[in-house]
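The sequence shown begins at 158 in our numbering and counts up by one.
Here a beta-carbon is modelled for each residue, glycine too, at the ideal position from N, C-alpha and C.
To start, the structure under review is shown below, and the notes come after it.
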Amino acid sequence: MSGTTRLQPAVRPEPTHGAAECMHGAEVACGAIDRFLGRDSSGEVCTTRRAGVSCVCVVRNDLARARRVMAWIHARRLAFALLLGFMSQMAWSATFGAATRLPEHYRLVPERSSVALSVQIIGHTHLRMRFRRIDAELDRPPGHADDPLVTVTIDAASVDANKPFATPIVKSRAVLDVEHYPSIRFASTRFVKTANDTGFLTGNLTIRGATRPVTLFVTFEERSDGHPLRQDQSVSFAADGHFSRAAFGLSAWSSTIGDDIHLTIHAEFIPVR
Numbered sequence: 158m159s160g161t162t163r164l165q166p167a168v169r170p171e172p173t174h175g176a177a178e179c180m181h182g183a184e185v186a187c188g189a190i191d192r193f194l195g196r197d198s199s200g201e202v203c204t205t206r207r208a209g210v211s212c213v214c215v216v217r218n219d220l221a222r223a224r225r226v227m228a229w230i231h232a233r234r235l236a237f238a239l240l241l242g243f244m245s246q247m248a249w250s251a252t253f254g255a256a257t258r259l260p261e262h263y264r265l266v267p268e269r270s271s272v273a274l275s276v277q278i279i280g281h282t283h284l285r286m287r288f289r290r291i292d293a294e295l296d297r298p299p300g301h302a303d304d305p306l307v308t309v310t311i312d313a314a315s316v317d318a319n320k321p322f323a324t325p326i327v328k329s330r331a332v333l334d335v336e337h338y339p340s341i342r343f344a345s346t347r348f349v350k351t352a353n354d355t356g357f358l359t360g361n362l363t364i365r366g367a368t369r370p371v372t373l374f375v376t377f378e379e380r381s382d383g384h385p386l387r388q389d390q391s392v393s394f395a396a397d398g399h400f401s402r403a404a405f406g407l408s409a410w411s412s413t414i415g416d417d418i419h420l421t422i423h424a425e426f427i428p429v430r
């Protein structure tokens with residue numbers, strides 16, 4: 158009919174994606190998100206595919222709403238990623254940590270270890286005594302791996318002095334009296350770590366039946382990569398300290414022999430299998 162306007166069916170406007178933000182690899186109902194955020198919504202959502210990748214956009218050109226939606230998605234993804242990372246770390250620690258747990262018991266490698274004493278005599282000359290037979294153990298008690306227990310037993314009769322005439326004198330009753338006191342012993346009581354490779358080892362030293370506390374400064378001998386534990390899990394360290402010989406009843410010839418005795422220990426330990 159002329160003069161009559163023909164009504165066209167209502168056409169729903171195409172969603173506008175330009176102002177909205179998309180999240181690749183996800184499809185989400187905005188209504189559910191709005192309900193989670195405490196906001197009523199018609200729940201309208203538009204899902205399109207761009208280059209084969211799913212995107213989610215709000216039908217209405219509501220940038221603020223879209224950002225809230227995407228923030229929620231990002232938060233969910235981040236929480237999930239953190240959970241996976243935490244679970245992976247726990248699994249790695251349980252596996253790798255158990256494989257690299259430090260042994261608890263070590264024994265000495267005698268051929269790569271030594272114990273020596275040094276004392277000043279007649280001015281600036283020093284009498285040096287080295288022991289050829291020694292035994293030692295190192296233990297790391299469970300829960301106290303950083304506080305190792307070290308015991309050293311020395312065969313007193315195995316002493317050799319740097320001056321041959323002095324060797325029998327050192328073994329005699331006037332000095333070590335090896336016939337009645339065949340062993341010299343050190344047993345640690347405490348270790349105080351001062352750095353990654355150093356510390357103070359305090360313990361009891363027994364000579365000629367007399368026991369006195371002494372403190373030794375310990376330096377762990379590192380591997381080439383800077384770690385004190387070697388690939389074969391051996392432990393090597395040097396320790397030195399000083400004590401008074403008079404405190405152990407070694408006071409003979411005090412006019413010609415000094416009172417201060419320097420003790421040095423070089424020890425290498427390997428795990429007890």
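Inter-residue Cα distance where the pair is residue i and residue j
| i | j | result |
| --- | --- | --- |
| alanine 393 | leucine 306 | Checking the sequence shown, residue 393 turns out to be serine, not alanine. Each residue's Cα considered, the two are about 14 Å apart. |
| alanine 331 | alanine 314 | 14 Å |
| aspartate 296 | glycine 366 | 25 Å |
| serine 340 | threonine 346 | 19 Å |
| alanine 273 | asparagine 353 | 26 Å |
| serine 411 | alanine 344 | 28 Å |
| histidine 419 | serine 271 | 14 Å |
| leucine 386 | alanine 409 | Only weak support exists for where leucine 386 lies, its pLDDT of 48 falling under 50; the value from the coordinates is given anyway. Roughly 43 Å between the two C-alpha positions. |
| aspartate 312 | proline 370 | 20 Å |
| serine 131 | isoleucine 364 | Given a span of 158 to 430 for the chain in the structure shown, any question on residue 131 remains unanswerable. |
| threonine 230 | valine 429 | Note on residue identity: the sequence assigns isoleucine, not threonine, to residue 230. Taking the straight line from one Cα to the other gives about 55 Å. |
| leucine 407 | glutamate 425 | 29 Å |
| alanine 236 | proline 260 | 38 Å |
| alanine 403 | lysine 350 | 30 Å |
| isoleucine 326 | glycine 300 | 46 Å |
| alanine 232 | phenylalanine 374 | 53 Å |
| phenylalanine 405 | histidine 399 | 13 Å |
| aspartate 292 | serine 329 | 23 Å |
| phenylalanine 322 | proline 298 | 44 Å |
| glutamate 336 | arginine 342 | 16 Å |
Proximity to residue i [Cα-Cα], best of the options
| i | options | result |
| --- | --- | --- |
| asparagine 361 | Thr308, Phe374, Val375, Thr355 | Thr308 |
| threonine 324 | Thr355, Pro298, Phe288 | Phe288 |
| serine 391 | Glu261, Asp292, Ile427 | Ile427 |
| threonine 310 | Ile278, Glu378, Ala228, Arg290 | Arg290 |
| threonine 355 | Asp304, Ser329, Glu336, Arg342 | Asp304 |
| serine 401 | Gln277, Arg234, Ala228 | Gln277 |
Rounded Cβ spacing between residue i and residue j (contact assumed at less than 8 Å)
| i | j | result |
| --- | --- | --- |
| phenylalanine 348 | leucine 358 | 5 Å |
| glutamate 294 | tyrosine 338 | At roughly 21 Å, the Cβ-Cβ gap does not stay under 8 Å, so glutamate 294 and tyrosine 338 are not in contact. |
| threonine 376 | alanine 395 | 5 Å |
| aspartate 397 | threonine 421 | 5 Å |
Taking contact to mean at least 3 C-beta pairs separated by less than 8 Å, is the stretch 407-417 in contact with the stretch 264-272?
-> no
Is it a yes or a no for the stretch 316-334 touching the stretch 272-292, going by three-plus beta-carbon pairs under 8 Å?
-> yes
Counting only runs that start and end within the stretch 347-403, where is the beta strand (DSSP E) found for 3 or more residues in a row?
-> 355-364, 367-377, 392-401
Write down every uninterrupted run of the beta strand (DSSP E) in the stretch 301-351 whose length is 3 residues or greater and which is fully enclosed by it, in chain order.
-> 306-312, 316-318
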